[in-house]
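S.K.: Sharing a structure, written as structure tokens. Questions coming.
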Amino acid sequence: MADKGSKKNSWFSNIFSQISPDKEGTKEKGRYIINGKTGTNKDKDENTTTTAETTESGVLDRTMHAVGNIASVAENAAENVASVAESAAGNIANAAIVAEAADAVTDIVENVENAAIEVATSTVKSISNLSDIINAFSKLESTVKDKFKDELVHPEIKEDVEIRKSNDLCKEEEDFLKVRKEYIKESFAKYVGVDVKEIDVDDIPVIVFARSGGGFRAMIANTAYIRATQDSGLYDCGTYFAGVSGCCLSLAQQYSSLHATKDNPIQDLLDDFKIRLTDHIANPFGFLKEISKTSQLETAIELSFGGLVEKEHANLKARVIDTFGSLLTAKLLLEKDLESQHQDFKLSQQKRFFKDGKKMMPIYTAVESHKAETEKVGLKKHYDWYKFMPFEIGSEEHAWIPTWSFGREFKSGKSVNRVPEQNISQLLGMFGSAPCAPFKEYLETFKQVATDGWAKEKLIELYSDFSVLVGDDMKDKIEETSIFLPADNHYHGFMVSKLRFELLDSGVSNDLPLYPLVHSSRKVDVIIAFDSSGTVNKHEDFVNKQEELASRKGIKIEERDLESQENFAPCVEYFMTKFTYNEEEIDLMIKLAKQNWLEAAEEKVKNIIIEAWKKKIDARVKN
């Protein structure tokens with residue numbers, strides 16, 4: 196086989212290793228340095244192989260390195276396959292023919308790579324303000340640090356705080372519940388078909404929409420389900436939104452100035468998906484194009500990536516999952532005009548959209564894993580659920596703190612430093628941190644989702660043999676290992692013996708956010724759950740988890756019609772790792788969600804809500 200040369204970097208890495216700001220400091224629009232040659236957008240056919248200068252921005256380097264690893268891993272895998280093929284070729288009679296064919300394939304790969312480089316180069320040249328973007332990254336750390344003590348930017352740094360140990364709702368949430376019931380009184384009367392005079396606000400059921408995880412697929416599908424409930428009038432009767440994993444992403448968008456200020460935030464969000472999701476989150480060119488569209492580059496980069504600097508300032512480790520959160524934020528939350536967006540990057544500021552009762556209250560979730568050696572009596576393993584709300588963050592098992600103080604260090608229940616509230620980009624990375632799940636969770640998901648057949652059986656058999664070989668202790672250690680480390684956070688002083696904790700995607704515990712909804716003080720009457728998880732076609736494990744919680748909390752679960760659960764033909768599979776969707780795919784999910792709601796749920800749900808309302812009336816009359 197011909198020696199085609201050793202490639203130590205992927206074409207992706209090659210392109211970006213050769214881009215830097217114009218060192219001469221020129222302000223000329225559209226200037227860049229690519230392959231070591233300074234030029235303008237007119238120089239489309241010029242190219243050299245001069246070694247380039249490296250970028251000055253550490254954050255940009257780390258970001259591009261993180262997304263570039265995807266391309267590198269793919270290329271290394273291809274090279275390994277080629278190497279194996281080459282070795283095999285030497286052992287068969289027609290090795291020369293195989294080698295010739297392999298050379299031809301290699302030539303094709305090189306042609307594809309060259310074409311990719313040409314497209315990438317053209318894309319980079321089309322970004323007229325590329326040097327401005329890179330310069331903004333180089334200033335990021337100093338820009339963010341200059342604002343650490345700015346009370347106008349971070350008014351929360353003026354306050355000290357103590358943790359709250361109580362399972363009662365905080366006063367702000369109690370006040371919200373009162374005004375929300377008054378606000379939805381007329382909508383509820385219309386929904387159940389009576390005159391508003393017949394409605395006592397104390398009888399209105401507390402209705403919650405619970406949305407499953409499942410990456411961007413769930414983000415889109417669950418938003419489509421919520422849109423379907425608008426047409427039936429149910430949407431206007433809800434009290435809480437709760438989400439897991441991918442649905443936390445749609446909540447963050449829904450409660451931002453991008454959509455919350457629109458006449459129909461849900462429809463506006465669905466329309467926005469069709470525009471934002473055309474490029475992969477790990478596509479650096481798509482990322483740069485998104486950034487380049489904003490009116491204030493330095494502000495856009497500060498809002499999206501400033502959280503990485505803030506986290507390190509708070510004596511916390513910035514991990515790969517934090518960079519993932521910054522990329523998510525740049526993809527999903529940045530608007531062209533950033534003047535009104537500063538508040539969108541603090542979870543505590545979402546309350547401005549609902550505290551008057553005009554919208555439902557969002558509840559985000561994350562979990563902390565407790566391994567065998569530290570778990571509670573009688574349980575092999577468990578997860579503590581943490582609720583992230585614009586008012587408070589905490590757990591029933593431990594304590595609560597104001598949302599604006601998340602990220603601080605606590606001793607004896609009191610904060611000992613005044614650092615800014617964590618940027619929402621870091622929270623989004625944590626909420627959607629499925630890659631941080633223990634290896635065991637990947638195995639279980641594979642068993643449920645993978646198509647039955649020889650390959651699946653063989654892989655399970657191989658792992659079983661491997662487990663016997665290494666022994667139970669080593670097997671347990673391997674299965675508890677995470678591919679990526681979860682987000683690093685201070686422990687808030689909840690436990691004296693533990694200074695830090697690691698939170699991750701709550702979907703590893705349960706694909707529905709039922710735990711925060713069964714809080715006794717919330718007095719939830721009806722939970723409407725939408726399942727768009729990866730195991731939607733394998734209901735047993737999903738149902739078992741819900742029934743286990745329901746039996747402990749005294750919740751009645753309405754039976755679902757599962758007769759057609761295996762009949763999905765014709766079917767289009769959208770995996771959790773799919774990060775691009777075109778308009779046709781999104782419209783398809785919207786139509787399916789609407790039809791599913793109309794056929795399987797609308798009438799049934801309405802009857803359940805009317806029944807819950809009448810029970811509350813009877814209880815009030817008896818008392």
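Residue numbers (my numbering): 196 to 818. Even glycine gets a Cβ: it sits at the ideal position worked out from N, Cα and C. For clarity, every value in this text was computed on a predicted model and none was experimentally measured.
Helix, strand or coil: how does DSSP classify residue 560 here?
M.R.: If DSSP states are grouped into helix, strand and coil, residue 560 belongs with the strands.
S.K.: Using DSSP's beta-bridge definition, name the partner residues of residue 357.
M.R.: Bridge partners of residue 357: 609.
S.K.: Considering only their Cβ atoms, is the gap separating residue 411 from residue 773 smaller than 8 angstroms?
M.R.: Yes; because the gap between Cβ atoms is below 8 angstroms, this pair is in contact.
S.K.: For residue 432, which of 421, 441, 439, 442 has the nearest alpha-carbon?
M.R.: Measuring from the Cα of residue 432, the nearest candidate turns out to be 421.
S.K.: What residue from 326, 710, 367, 526 has the CA that sits closest to residue 468's CA?
M.R.: With distances taken between Cα atoms, residue 468 lies closest to 526.
S.K.: Which term fits residue 389, buried or exposed, when burial requires 16 or more other beta carbons within 10 angstroms of its beta carbon?
M.R.: Residue 389 comes out exposed.
S.K.: From the DSSP output, in three-state form, read off residue 367 for me.
M.R.: Of the three classes helix, strand and coil, the one that applies to residue 367 here is helix, per DSSP.
S.K.: Which residue comes first and which comes last in the beta strand (DSSP E) that contains residue 435?
M.R.: Where residue 435 is concerned, the enclosing beta strand (DSSP E) stretches over 435–438.
S.K.: How would you call residue 538, buried or exposed, if buried means at least 16 neighbouring beta carbons within 10 angstroms?
M.R.: So residue 538 counts as exposed.
S.K.: Just the Cα atoms here: how many angstroms apart are residue 562 and residue 703?
M.R.: If I take the Cα positions, the gap works out to 8 angstroms.
S.K.: Decide if residue 616 is buried, meaning its Cβ has at least 16 other Cβ atoms within 10 Å, or exposed.
M.R.: The residue is buried, with at least 16 neighbouring Cβ atoms inside 10 Å.
S.K.: Please report the Cβ distance between residue 385 and residue 399, rounded to the nearest whole angstrom; I am assuming they are in contact, meaning their Cβ atoms lie under 8 angstroms.
M.R.: About 12 angstroms; that fails the 8 angstroms criterion.
S.K.: From residue 353 to residue 804, what distance separates their C-alpha atoms?
M.R.: Approximately 45 angstroms between the Cα atoms of the pair.
S.K.: Would you call the stretch 493–502 and the stretch 609–624 in contact, with 3 or more CB pairs under 8 angstroms?
M.R.: Cβ pair count under 8 angstroms is three or more, so yes.
S.K.: Quick one, which of 710, 723, 784, 739 has its alpha-carbon nearest residue 748's?
M.R.: The shortest Cα separation from residue 748 among 710, 723, 784, 739 belongs to 710.
S.K.: Just to confirm before moving on: does the CB-CB distance between residue 555 and residue 435 stay below 8 angstroms?
M.R.: Against a cut-off of 8 angstroms, the Cβ pair of residue 435 and residue 555 comes out as a contact.
S.K.: What three-state label does DSSP hand residue 577 in the structure shown?
M.R.: Strand, per DSSP.
S.K.: According to DSSP, is residue 745 part of a helix, a strand, or is it coil?
M.R.: Residue 745: helix per DSSP, three-state reduction.
S.K.: For residue 350, count neighbouring Cβ atoms within 10 angstroms of its own Cβ and tell me buried if that reaches 16, exposed if not.
M.R.: The residue is exposed, with fewer than 16 neighbouring Cβ atoms inside 10 Å.
S.K.: Going by Cα to Cα distance, which pick from 801, 793, 494 is closest to residue 753?
M.R.: Residue 753 has its Cα closest to that of 801, out of 801, 793, 494.
S.K.: In or out: residue 514 buried (at least 16 other Cβ within 10 Å) or exposed?
M.R.: Burial call: buried.
S.K.: Would you mind giving the Cβ-Cβ distance between residue 328 and residue 486, rounded to the nearest angstrom? I have them listed as a contact below 8 angstroms.
M.R.: Residue 328 to residue 486, Cβ: 6 angstroms. Contact.
S.K.: Taking residue 792 as part of the alpha helix (DSSP H), name the residues at either end of that continuous run.
M.R.: Unbroken alpha helix (DSSP H) run through residue 792: 778–795.
S.K.: Counting along the chain, where does the beta strand (DSSP E) carrying residue 587 start and finish?
M.R.: First-last of the beta strand (DSSP E) with residue 587: 587–589.
S.K.: Cβ atoms of residue 356 and residue 610: under 8 angstroms apart, would you say?
M.R.: Cβ atoms of residue 610 and residue 356: closer than 8 angstroms.
S.K.: Measure the C-alpha to C-alpha separation of residue 335 and residue 346 and round it to an integer number of angstroms.
M.R.: Taking the straight line from one Cα to the other gives about 19 angstroms.
S.K.: Mark residue 459 as exposed unless 16 or more other C-beta atoms lie within 10 angstroms of its C-beta, in which case mark it buried.
M.R.: The residue is exposed, with fewer than 16 neighbouring Cβ atoms inside 10 Å.
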